[in-house]
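Below is one structure, written out as structure tokens; the observations come after it.
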Amino acid sequence: MSQTALKIIALICMTLDHIATFIPGAPEWLHLIGRVSAPIFIFCLVAGFDKTRSRRQMLLRLYILSVAMAVLNTVSNLWLFDGFTVENNIFQTLFCILLLIQLMSESRKKTALYLAASFVIAVPMLLNSEVLFYPDVLTPVLSAVIGNPFLAEGRMMTVLLGLLMHHFYQNKRKLSISLMIYFVFQFINSQLFLCTIILRLFTRVLFDASRIEQFISALTEMTLGIQMFPPGISIVYSTAWVGIFALPLFLLYNGQRGRGVKKLFYIYYPAHIYLLAFLRLIIGEPPIPDDFVDILGE
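If you want this note's numbering, it's the position in the sequence shown, counting the first as 1, plus 327.
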């Protein structure tokens, strides 16, 4: 299976996922289908990065798209959309993955410095805009401009997925093992609340500090992208682990780029996001069911 075939499958799955995100009343299980799209796009990206004629040009293209998408999101959220926001910007995540791959190939010191600086910058930006005296709405733009992986869509866990794929994609056995470990962790964490339990034991048993627990939990979610699920979260809503079902497609990859669609993703991604967002604006929010209104006592 070529990269072209993989990308077309990913585009279809991504569209279904975003239909569930933007269109009121769309079935939530569409998210389950859509969760395989990001791993497929990332796989194609890292596989193509080693074959591209100019890594610098590929990085620059993704950086420009990332900043442009962030600016477009911010402007749209301020003046067009009412009651909901558009936060999708996979371009920033893809850029951060490739930048880290490039830095790791050059110098461990550069890589460590980039990650440390990104984390130090991300924490105050996430804690409170009043600390830095700028509106929250500017955070996505600033995040894209500095190329911060801790503030990218999917956070560091998604970036880590890209690094794993790049390291192992040429060895299908090692790729399978590494991705199974990654997604099994996501499943155990989402269904058995592994990270939440560990954090609770650490903060409440050792220190009896619920505020510390809340702070670390929020910081973990906002920077690393590791979900700290409370008990009772449905499989339908904790879907990061579903990406494992993209693995069989990776194993069918034949190393060929295929024909056409080289720039299709770059055009289709923002176009379909804003088409669905405008449909959401036209449709509006679904009415609250009468029985739910009765429960609220309204």
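Glycine is no exception: its CB is placed at the ideal position from the N, C-alpha and C atoms.
Residue i - DSSP class collapsed to helix/strand/coil
{"i": "Tyr580", "result": "coil"}
{"i": "Ser329", "result": "coil"}
{"i": "Tyr496", "result": "coil"}
{"i": "Ser432", "result": "helix"}
{"i": "Val413", "result": "coil"}
{"i": "Ala598", "result": "helix"}
{"i": "Gly585", "result": "coil"}
{"i": "Leu478", "result": "coil"}
{"i": "Lys590", "result": "coil"}
{"i": "Gly489", "result": "helix"}
{"i": "Gly570", "result": "helix"}
Distance, residue j Cα to residue i Cα
{"i": "Ile428", "j": "Ile610", "result": "42 Å"}
{"i": "Ser381", "j": "Gly352", "result": "44 Å"}
{"i": "Thr438", "j": "Cys423", "result": "11 Å"}
{"i": "Gly559", "j": "Gln513", "result": "Reliability fails at Gly559, whose pLDDT of 48 lies under 50, so the model's placement of it is uncertain and no value is given."}
{"i": "Ile339", "j": "Pro467", "result": "26 Å"}
{"i": "Phe349", "j": "Thr342", "result": "10 Å"}
{"i": "Glu457", "j": "Arg435", "result": "At Glu457, the pLDDT of 44 sits below 50, so the modelled position is not reliable; the number obtained from the coordinates is stated separately. Cα-Cα distance, rounded: 34 Å."}
{"i": "Val569", "j": "Pro575", "result": "13 Å"}
{"i": "Ser561", "j": "Gln384", "result": "Note that Ser561 has pLDDT 49, beneath the 50 cutoff, so the model's placement of it is unreliable and the number below is only indicative. Roughly 42 Å separates the two Cα atoms."}
{"i": "Leu387", "j": "Leu421", "result": "12 Å"}
{"i": "Ser464", "j": "Asn581", "result": "For the sequence presented, residue 464 should be read as Val rather than Ser. Distance between the alpha carbons of Val464 and Asn581 is about 43 Å."}
{"i": "Phe370", "j": "Leu579", "result": "12 Å"}
{"i": "Phe452", "j": "Met492", "result": "The displayed chain sequence assigns Met, not Phe, to residue 452. Using only the alpha carbons, I get a separation of about 29 Å."}
{"i": "Gln330", "j": "Pro476", "result": "25 Å"}
{"i": "Trp406", "j": "Thr379", "result": "39 Å"}
{"i": "Phe510", "j": "Asn400", "result": "30 Å"}
{"i": "Gly585", "j": "Gly361", "result": "23 Å"}
{"i": "Ser432", "j": "Ala604", "result": "39 Å"}
{"i": "Phe495", "j": "Leu333", "result": "18 Å"}
Closer than 8 Å to chain E by CB, residue i
{"i": "Tyr509", "result": "No chain E appears in the structure shown, which is made up of a single protein chain."}
Whole-Å CB distance - residue i paired with residue j, under 8 Å assumed
{"i": "Asn415", "j": "Ala397", "result": "So it is not a contact: roughly 10 Å between Cβ atoms."}
{"i": "His345", "j": "Ile600", "result": "7 Å"}
{"i": "Gln419", "j": "Ser445", "result": "Actually they are not in contact, since the Cβ atoms of Gln419 and Ser445 sit about 12 Å apart, beyond 8 Å."}
{"i": "Gly474", "j": "Tyr593", "result": "Wrong, their Cβ atoms sit about 18 Å apart, outside the cutoff."}
{"i": "Ile367", "j": "Ala573", "result": "5 Å"}
{"i": "Leu425", "j": "Phe376", "result": "6 Å"}
{"i": "Ala710", "j": "Gly481", "result": "Residue 710 falls outside the range modelled here, since the chain spans only 328 to 625, and no answer is possible."}
Please give the ranges of any alpha helix (DSSP H) in the segment 349 to 411, keeping only runs that are unbroken, at least 4 residues long and fully inside the region.
Taking only runs of at least 4 residues, the alpha helix (DSSP H) segments lying wholly in the segment 349 to 411 are 357 to 361, 364 to 376, 382 to 406.
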